[in-house]
Each structure stands twice: as structure tokens, then as C-alpha cells.
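J.: Respectively, the protein sequence lines represent chains A and B.
In this text, residue positions in the first sequence follow my numbering: the first is 1221, and each later residue adds one.
In this text, residue positions in the second sequence follow my numbering: the first is 1045, and each later residue adds one.
I'd like to ask some things about the structure below.
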Amino acid sequence: MSDNLRTSASKFIDQTTRVSFKFDGKTYFGFKGDTLASALLANNVHLVGRSFKYHRPRGIMTSGSEEPNAIIQINKNSSVTEPNVRATEVEIYDGLEASSQNCWPSVNFDIGGINNILSPLLPAGFYYKTFMWPASFWEKYEYFIRKSAGLGQSPTEPDPDIYDHNYVHCDVLIIGGGISGIMAAKISAENNFKTLLLEEKPNLGGTTIYQKNDYFKINDQYSSEWLEKEIDQIKNLKNLEIKTRTSVAAYHGYNYLLARENLTDHLPIEKKQNTIRQRLLKIRAKKVITATGSIERPLIFDNNDRPGIMLSSAIKKYADFYGVACGKENVLFTNNDTAYETAISLNNKGVKVNAIVDIREENKSDLTNEINNAGIKIYNSYTVINTKGYKKINKITIMKLSKDGKTVTDSKVDIKCDCLGVSGGWTPAVHLFTQSGGKLKFDDNDNIFIPNKYPSDQLSIGSCNGNLELEDIISNINVSLKNFLKIDKTNFEKLKINSSKSISKRNIWLLPSNKTVSKTKAFVDFQNDATAKDIKLALREGFRSIEHVKRYTTTGMGTDQGKLGNMNALGIISDTSNVKMSDLGTTTFRPPYTPLTFGTIVGRNVGEFFDTFRKTPMHDWHVQYKAKFENVGQWKRAWYYPKGNESMHDAVQRESKAAREGAGILDASTLGKIDIQGSDASEFLNRVYTNAWSKLAVGKCRYGLMLNEDGMVYDDGVTTRLSENHYIMTTTTGGAANVLGKLEDYLQTEWPELDVYLTSVTDHYATASVCGPNSKKIISKIIPNLDLSDESFPHMSFKNAKIGNIKCRVMRISFTGEQSYEINIQANYGKSLWEKCMEAGNEFNITPYGTETMHLLRAEKGFIIVGQDTDATLTPIDLQMDWIVSKKKYDFIGKRSLYRSDTIRDDRKQLVGILTDDPNEVLEEGAQIVADTSKKPVEMLGHITSSYFSPNLNKSIALGVVKGGKNMMGQKLFVPMKDKIINVKIADPVFLDKENKRLNA
Amino acid sequence: MLKYTTSINDTKIFDNLKIFETSPIMKLIVRGKSREFISSVGKSLNILLPNEPNTSSSGANVTALWLSPDEWIIYANEINSDDSNSYIIESELINKISNTGLGAITDVTDQFVMLNLTGEKIYDLFMKGSPFNFNEFKKKKGAVTQTIINKIDVIIHNKNDAEVNLFVRRSFSNHLWSWLNDSARFI
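In C-alpha cells form, the structure reads like this:
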């Protein structure tokens, strides 16, 4: 098979296990261990996608996460399809289906390719300039622009995969399992640090693990052989945990990092089921060692983006690691020695290298000597000025560089090739370091940014620290780790290292051509199609800041985040604008380092785990009796209990009537309950509530309003004096936790002298509230020996009781205006208590009612709900509750604020009752109230806060807040709605039983 | 008679992990500051209240967990009967502490559901939902922490090697139970 470019066996690839996969509908074969990229290259497939803007044919360019071109769509199924996946990172498995993106109808024939011909009309900033006017046309433009925007297809159905999170804590986190990371892991773990080593690839060892070159030896062994033994050793270290296929996405402050562990993406489909696909690790590390390596830079010349043009290091990896030749006629184009390593690897495997084009004038090293001896032609001081081949490179043209490197001279030389390896030097992967807040400095010698100031306890080692030679890497690790981990020695201080040194250097950011820049397409950002010409245009148009140039040209804004292109872009800006690289700085590196799936971010916080919920002890009963639930705080509260096909309105009307005429029962377990004890408990209540508490007799209950420091109503509830120094406070359902926190805060910081202890007992008690004219009869059936006479047990009092052997508390308190008893019992008896009440109440037609009916009943009685009728802008005076504010007390929270000029204004919004002229008209909650509809703009006097149809009064009732409402009793106002204006008048907010006859009945 | 209904009442067994609800277990919150308070509680319960943060002490009948400088939770070592909710220990403490003004005793028996977890995988489960660093905690018998698991407040007591008691507020217990069972599938 002529298309098979698998040249040699590789121990990293299991050539006995054939894997079948589909790409763009065609079936191919690879081996276990292949990435999609290596398997495609083995099948001589370079063309895998089209570029974003010009739809130019693009091929695989790299072998890692920096890949800008081979961005593909995985899987067809509309629920698990995933766009923008890098073919260089996807491990193939049986049944994998992948396809090209951003092309139609196919990658081979793409209509969008017309953009390439139109490219002179599509300069940087094309969209900004073109669609600016007329402004009103934007919506029309947008329709078309949206259609062409974006890459790939999003899934259209819910993701069936499972993801989760893990919190991880370690002493030392090492990011990157190359030679530096391995050495650091060994040193760290052997010195008793709990160590975690993360590697984004499936295997450890980085580029060294396949380095079989006579000029890179450690202790007289190939560096790969030496490293392999080290890896075998560290796998047994008990303090060390190693995670491969795990990529650090974000490095936040204080050594908090997020990493994605990929668990099943490489497995065949049948093994992916019912298991975690990807896991987000939330890591807290005492120390972090970054060993993220470096990324090879491409060179910038005309038409440097054709399929078959690849990084020279990628070609080497495909040859040495995967046993795949990327071409049959290879040429390398370089400014450093890396490409020579690639040439030696290819040559050793019998893969033809036609030439090496080197921009350096001369170059003497062990590696170049080897190439000379192998008879491979080296063109020193030459540059590539153009390439040919639309869907695959077939020829390059080179010319001699002038002394200053700014122009080309002499005549053109054509060299045939089907693969061109480029190497423009190495860029340290400082992304994570800078994400963490680290500051970089520019190294003029190697033209790289390297770590300078660490913001947290961390260290960069290896090539991400700018140590590009093997000997430097190892010696630097020995020195810096001793200092970093505060240890005396490392195991690696006596290594014998041989490594070829790259001596001569020459760097030209934008290589000259025989054409002017404006006539060339020298790509800087391959994914976003930003060229050197675009960058120069941006500079000509006045953009100076690197951040502005980035946004104008979209350089570095693709899914690869400019891993390949950014340094070259900076270099071109620096050269063009004559600003030093160190002054220019870099753009901001933001997380994630490589894209994360939404699933990983969300983890198991889906479905029932999306939000926390709380259940009362009677919850199962409500479910059994078909209650509809509403969320109140985190609680699931019974909302109403429809019978048969009853609507909510009908159910609520029925429940409300039953509660007033027979008996009703409400699950009030969700109310916050705080146990208050201590010799200063009464004084404490005096300070937190607006009314006075000292004279409340034991066994009595009192309603209290709690204010914020600003004088606004914060919470309310009934507090009962259980004994001399013992109270139980109830709070609103939603406010419970905040009230306890606020009160505890006051005790600890403002009033430490008070002898008071607070303990939450919200969950300890189940509360069944039985109300209605028959409530007394029902309670007496349940607790026969309890004296319920009005003399012994009047409204607003409490008694201890027992049901069988079980202690409980009975409070005669009411939120409905009916005679009402609340039984508080230990939660595990709550459901049984409820059932007993239902049984005892059966003959009186006891009716369970939910929160909606509760709201209606209390509105009839004019009782407020904090948070519904109040909104943190209302004082007790605004609520017409002056009676509850003690004038005698020395102080209470919020007292001073009640006497500010603003809070004593007469025209503040005040709570009033609102009645519609038409008794059947039910106002909308939130509707505005106005006095004069003809005035424009209409002056808003206030709004409706609660509104119901009252079955007991047979008319609609509402509460609302109205400016100066207190003094407007009986006044006619209007509630303008979309289609009508409703006539209303201000009324007393107590609609029912103002004399409290029912309460005390 | 009233029927006793716990919120979980279930046992789940996974690889190297067993979870079940222990009930009824008497639980009290005990609060106070003075030296007399500490010694009075100590005498009544025959244990020394732990004063080192996040530790515990155990006696023959009860275990005390430190919650804050003036707050402990005391729980019975053995289950009690569910046909009464009066506890001798509680009334003795109320007499000696609450009624003498030394501090506060509050019954929280059903405020918290106590889950018992045993097995090697306890902490692998916790690390899926808790930001707390259990590395030292799991080695220290008697250690106590108040943290969150899946956003829910919990108190965890390291009872023994590979055994913890976990206290969660009753209203949250169903949700936590559900989450524990879901996540335990993947440890």
C-alpha cells in the first residue's frame, strides 16, 4: 500500500492491535496508541480542515495541544458530538468517527475557499470597518455574519456522559511529566512530600522518552533509556501519585489549580458507559512545580500554512514515537539545531531528507556534523520565500538571505518536497505561571519570555523556565529544587551528561521575501488566519498596545489561544514599531490552558444535584397526597393540594374556606427556630426586637419585628418564653440562617458581656399548625389531658405536653387569624403526629393547606410577609406597625435610624389595604398604583405587594405600598394595566376580624 | 402512640464502603464558658470536654465533639429506645447546667441525622464533594471537622480507622444521602 507511511516499529504503539476509525466518512486503520493525527498521517492524510477566514486547506501541524489546524468534530450522534477537538490529542479507538470542520460541502472541495481569492478585500478589521454603517443595518448584517461565525457543531441534545469533581490536597504539585517533571517528582516524593504529578499526554517522559540520539546521553545511556528507568522507579514511590491524560486548565492565586482528568475518551465506545468521562480536579497545593516544557515556534514566510508544513519537532515525534513518516521527500527549515535532530531521526529510519534550509550563516555542532556526514545538503543563510501545492505542499522556493537578514539576494532555488518541517526556536510554556500572577522577563539571547517573579510558593523548571539544553535543565533542577524544597541534596547531582550544544543563533521574526509584505500570506495565527500583513496594517492604523493589535487582528484568539503564533506576532510588532520585546510585554494568558468541556465544569451538579433541597419530616405525606410543591429558600414546601383536576385557584379557594369554617392544617416545620438560653436572654431580645420583652410572662408568646441597622424590617416571628431564662424564637423560613448568623455576630462582637447562648433547632422540630373553629376539638382529641380552656390556654401562650410518651410543645398562636394551635414535636415523630391530626380532624373536615392558602388567609387578616410585603426599604412605621416599636427602650437594633429625617418623612411608601371597585377584579402583584393617569410621565405612587381573591369575604383583596398611603384612607386611585385601568381605593389592611374575635374564640 | 420515622432508615454497601443511618441517637448541644461549667459537665458525663479545636473525647456512654470555644455536641454511644424522647443524661445536665445558669443544654437529637460510614473508601467519597483537606484528619483518630459536602453543612467525627460518624441537618439528609449514593458508584 503506497499510502502507508508507517515506517518502523515503535514500542509506544501496539502494532498488533489494529484500530478502525472513520474520518470524513472514510474508514481508516491505525494502531492502539495512535492519536487521530498520527493515524491519519500514517495513511498519508494531511488535509484535515479549512482555515477560519479564508477557508484555506490546512493539515496537521503539531503533535500536541498547541495544534491550530487539525481542529475536528468528534462523533455524529447529536448528544455526544464534540466540536473543536484537536486531532493531535484524540487517541483513536474502535468506532471513532471524526470529521473536518468549517468546510462545505467537503474538506476537499469547500465553497468557502472563494474567501481566499477575495482575501485582498478582507483585511484585518474588515468586519469592524464594513458593517459600521448605516447603523440601522446592523441587524441585517448580523444575520449573515452569525451564519459564517464559529467552528464546528454544538450538540443539540443533553449530554449523556457523566462527569464529576475531586478536591485534591498535596504538598507538592508537579505539572508536566517530561524529564524535568519526572526528576522533580522523584526528588519531592523521596523527601517525604505528598506529591502529585500531572501529565496531559497518555504517557510520561515528554520528548526525552523517544530521544535515541548519540549526542544526548545520561550516564552513557540514551537519555530515553535513562529516563525510562527513572519512570519505572517513581511508579513505586508511595508518596507519589501520577495522573496522565490530565491537563491543568487554570492556575489561580494561592496555589489553587483546576485540572481536567480524562478517563474514558480513549476507550472504545462500549467501555465508556456508566462511568465518569472526565473529572475536574480542584487542587490545593502547598508548593507547585511547573514543568510544562516549551512549544516550538513556526517560521513566518509566504504561504507557510500548506498541508504538509509542520513543526520539525512534530515530525520527529511522529517518526520516533508513532513510527510514522510525515512525508517521503522531507525538507527542514530552521533557525536552530532542533531540526537537525529531526533530520537524524528520519535519516536513521531510512526516510529521505532532501535538504535542510538554515537561516544561520554558519553552524558547527555535533548534530550538524552528523548531517554533513550523512550527505544531506544544508543551505546556510537561506530562507524559504514561497511554497507551492494547494492541498499538499509539493515544492519550496528558497533564496539567499542578505547579511542583515532584511532582504533576499541571488537567484531562486526550487526544492521538491511533500513535507516541510519548520523550527523557529522554542517558546517556554509560561501560560500557567502567568495565570497564577507570575511576572515574566525577556531573555534577549534566546528571544523568549521566562519566569521572573513568582507570586506564590512555586517554581518553574526545565524548558518552561528557559533551560533549553539538557545539561542546563538537569543542573538547574539540582540547584533550584534543593532551595525550593529546603533539602540538602538530590539524587541527580552526579549524573554524567553528554549533550550537543547549539552554539550559533539567528532569529528573524518575519522572514524577508522577494515580494512586498502586502503581497504575501505569511501566517502568524494559523487558526484565525491572521497574517504578518494584518499585524503591520494594525500598526499602520495606529494600534500600539499588544492587547489592541490582538483584538483588531484576532491574533491569538482562536481555541489554541495563540500557543504557536503569539511570540511571532510580538516579534513582528517589535520589529515594525521599534519597541523592545521586553517593553512590549505579552497579552494576558487566561484560563483554561486547553478548552474544557462544560460537563467537566459542571460535574455532578446536574439534575437533582443542581441545587440543594430540604425536606420537612412530613414531606412524604405531602407527596402521597399529591401536593404541588414550591421552593422556599432551599425548602420544598407544600404549595396546595389539588383534588382531582382542581386548578390552583380552586384548590386554594377550597382550602381557605375550609380553614375558616372547619379546620385546616399546615406544615410549618420550615420556620426557623432558635433556642435562646442564658441569664441575659430577655435583655438580648430587648436589643434585637423593636418591642419590649422583659415583662413577658413564662408560658407566653409574643410577636417581634427585627430591624436592620438601617431601621428597615429584616425578619419577624413569634418568640415564646419557655422558662425564666429560656426562649424559643421563630424566624421566617428563608431568613433563618441569616438571622442566626446576625444574632451570633452581635453576641460575639457587640455584646460579649451578655450571658446568652443560641442554638438552631429548626430541624429538630416538626411543626403541625391546626387552625379553624374546630381546632380546639381536634387538639383535645390528640392530647386529651391538656387543658385547652381559654382561661388556662389563651391566645399567645404555650404549654408543654406529651403525646403518649413523647414530649412536645403546644403554642396557641395564629398566622391565619383563626383560633390556631401549633404542635412542635421531635422531627422523627412529625409524620405520625400529622397523620394523627388528620385522623382526629376527619370528622371536622380537616383540610391540609399549603403556602398559597396560608398567604391568602394571612392577607385577609392583614398580616405581612417579610420579603413579600417588605423589601428592605420599609420601617415598622411604614408598615403602620407603630404599636410594635417601643419608645421606652434605651436601644434596639435599628432604633436610631427610625428617627432620621428620611425615615420620618410623611410621604414615604406605606403599607395599606387596596380594594378594587369591582370585587371580582384581582389585581396583579407588582402592578403600579397611580393617582393621575393623564399626567405624563405618570407618577408612580406605589405598587401592589399581595393580592388574592378572598373566598371568605367574597371579594378581591390586596396589600400595597403607596406614598403617604397612611393618610389616604378611602382615596380613589388607579392601577393601569396593559389593556385597562382598574379603579381602586385605599382601605384598612386588616380585612377580616379586626376585633380578633376568631383568634380568641 | 406516635410512630418513629427516620429520614433515611437505610443501609448501602459499596466496594470498601458501607453507609447507614444510626438512630435513635441522643444528641445535645452543650454551651458554656466557665471553668465550673467544664467541670460540672465533665462530672455529669464522666468525660473531659475537649478544649483543643476539632478534637473529641469519649466516655462510656457519650462522645463529645468540639464545635467552637464554648460549644460541643454530645452524642450517645448507644442507640436509645424510640418510644420515649426523655433522656436521663439530658435531664441531669439541665439540672446541673441550665438550671444553675452555668450554660445551655439543648436537645438536638433530631436536628442532626447521624450517618455511620465504614471502609477504606470513605475519604475517596468525601473528596468528591468536600473542599476540606482530609490528609491529616484521616490519620488522627478522634478528629472532628465542620465542613461541607456537596454544599451541605456536615460535622464529621473520625471515630476509628476507616470509620466515621457524619452529622447532617435532618432536612438536608435526604439530599446528602442521595448524593453520597450517587458518588459512591464512582469511587
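Note that CB positions come from ideal geometry on N, CA and C, so glycine has one too.
Once the 5 residues before and after B:Thr1055 are set aside, which same chain residues still bring their CB inside 6 Å of it?
T.: Phe1064
J.: Buried or exposed, going by whether 16 or more other CB atoms sit within 10 Å of the CB of A:Phe1763?
T.: buried
J.: Using a C-beta to C-beta distance shorter than 8 Å, which residues of chain A count as neighbours of B:Leu1163?
T.: A small correction: the amino acid at residue 1163 of chain B is Gly; Leu does not occupy that position in the sequence shown. Neighbours of B:Gly1163 on chain A: none; closest Cβ ~18 Å, over 8 Å.
J.: State yes or no: is the beta carbon of A:Gln1655 nearer than 8 Å to at least one beta carbon in chain B?
T.: Interface criterion not met: the Cβ of A:Gln1655 is under 8 Å from no Cβ in chain B.
J.: Is the beta carbon of A:Thr1558 closer than 8 Å to that of A:Ser1533?
T.: yes
J.: A:Cys2057 by DSSP, collapsed to three states: which one?
T.: helix
J.: Using the beta-carbon of each residue, which ones in chain A are nearer than 9 Å to B:Thr1055?
T.: By Cβ distance, chain A contributes nothing, its closest Cβ being about 18 Å from B:Thr1055, past 9 Å.
J.: Just curious, the beta strand (DSSP E) that A:Ala1742 is in, first and last residue?
T.: For A:Ala1742, there is no enclosing beta strand (DSSP E), as DSSP marks it with neither H nor E.
J.: Rounded to the nearest angstrom, how far is the Cβ of A:Ile1668 from that of A:Asn1685, given a contact under 8 Å?
T.: Not confirmed; about 10 Å, so no contact.
J.: Alpha carbon to alpha carbon, how far is A:Thr1953 from A:Arg2078? Give it in angstroms, no decimals.
T.: Going by the C-alpha atoms only, they are around 16 Å apart.
J.: Quick check on the DSSP output: the alpha helix (DSSP H) that includes A:Gln1655 runs from which residue to which?
T.: His1651 to Gln1655
J.: Determine the chain A residues that contact B:His1201 at a beta-carbon separation under 7 Å, and present them in chain order.
T.: Chain A residues near B:His1201: none, gap ~18 Å exceeds 7 Å.
J.: Scan the segment 2151-2208 of chain A and note each continuous beta strand (DSSP E) run of 3 residues or more that stays entirely inside, going in chain order.
T.: 2160-2170, 2175-2183, 2192-2196 and 2201-2207
J.: Which class does A:Val2086 belong to by DSSP, given the choice of helix, strand or coil?
T.: coil
J.: On the three-pair Cβ rule with 8 Å, is the segment 2042-2054 of chain A touching the segment 2017-2030 of chain A?
T.: At 8 Å Cβ cutoff, the stretches touch.
J.: Evaluate A:Thr1736 with the Cβ neighbour count: other Cβ atoms within 10 Å of its Cβ, from every protein chain shown; 16 or more gives buried, anything less gives exposed.
T.: exposed
J.: Have a look at A:Ser1374, A:Thr1227 and A:Glu1461 and flag the residue whose alpha-carbon is nearest the alpha-carbon of A:Ala1405.
T.: The option with the nearest alpha carbon to A:Ala1405 is A:Glu1461.
J.: Between A:Phe1830 and chain B, is there a C-beta pair that is closer than 8 Å?
T.: Taking Cβ atoms only, chain B never reaches closer than 8 Å to A:Phe1830, which makes this a no.
J.: Taking only three categories from DSSP, how would you classify A:Met1619?
T.: strand
J.: For a quick check, are the C-beta atoms of A:Gly2241 and A:Gly1284 less than 8 Å apart?
T.: What the structure shows of chain A is the stretch from 1221 to 2221, and residue 2241 of chain A is not part of that stretch, so it cannot be assessed.
J.: Report, in whole angstroms, the separation of the C-beta atoms of A:Asn1583 and A:Ser1802, which I expect to be a contact under 8 Å.
T.: The pair is not a contact, with the Cβ atoms about 27 Å apart (cut-off 8 Å).
J.: When you compare only the Cα positions, how much space is there between A:Asn2140 and A:Gly2133?
T.: 16 Å
J.: Alpha carbon to alpha carbon, what distance is there between A:Val1990 and A:Cys2057?
T.: 8 Å
J.: Quick one, which of B:Phe1170, B:Asn1218 and B:Tyr1119 has its alpha-carbon nearest B:Val1152's?
T.: Closest option to B:Val1152, Cα to Cα, is B:Tyr1119.
J.: Check for me: the beta strand (DSSP E) holding B:Asn1204 runs from which residue to which?
T.: Ile1196 to Asn1204
J.: Rounded C-beta distance between A:Ser1643 and A:Tyr1435? I'm assuming under 8 Å.
T.: With 8 Å as the limit, A:Ser1643 and A:Tyr1435 do not qualify as a contact, their Cβ atoms being about 17 Å apart.
J.: According to a CB-to-CB cut-off of less than 8 Å, which residues of the segment 2028-2049 of chain A neighbour chain B?
T.: Ile2045, Gln2046, Ala2047, Asn2048 and Tyr2049
J.: Could you check which residue in A:Ile1451, A:Ile1429, A:Ile1598 and A:Ile1454 has the C-alpha nearest to that of A:Tyr1442?
T.: Measuring from the Cα of A:Tyr1442, the nearest candidate turns out to be A:Ile1429.
J.: For the 8 Å Cβ check, are there 3 or more pairs between the segment 1856-1863 of chain A and the segment 2059-2074 of chain A?
T.: yes
J.: Given that A:Thr1836 touches chain D, what residues does it touch there, using C-beta distances under 8 Å?
T.: The chain labelled as chain D is not found among the protein chains of the depicted structure, namely A and B.
J.: Are A:Trp1841 and A:Glu2055 closer than 8 Å when you measure CB to CB?
T.: yes
J.: Assuming A:Phe1249 and A:Ser1240 are in contact, meaning their beta carbons sit under 8 Å apart, how far apart are those beta carbons, in whole angstroms?
T.: 6 Å
J.: Looking only at its own chain, which residues have a Cβ that is under 8 Å from the Cβ of B:Asn1053, when we skip the five neighbours before and after it?
T.: Glu1065 and Ser1067
J.: Hey, quick one: how far does the beta strand (DSSP E) through A:Ser1319 stretch, first residue to last?
T.: Looking at the DSSP string, the run of the beta strand (DSSP E) that includes A:Ser1319 is Glu1317 to Ser1320.
J.: When burial is assigned at 16 or more other CB atoms within 10 Å of the CB, is B:Met1158 buried or exposed?
T.: B:Met1158 comes out buried.
J.: Taking the alpha-carbon positions, what's the A:Lys1835 to B:Asn1179 distance?
T.: Taking the straight line joining both Cα atoms gives about 33 Å.
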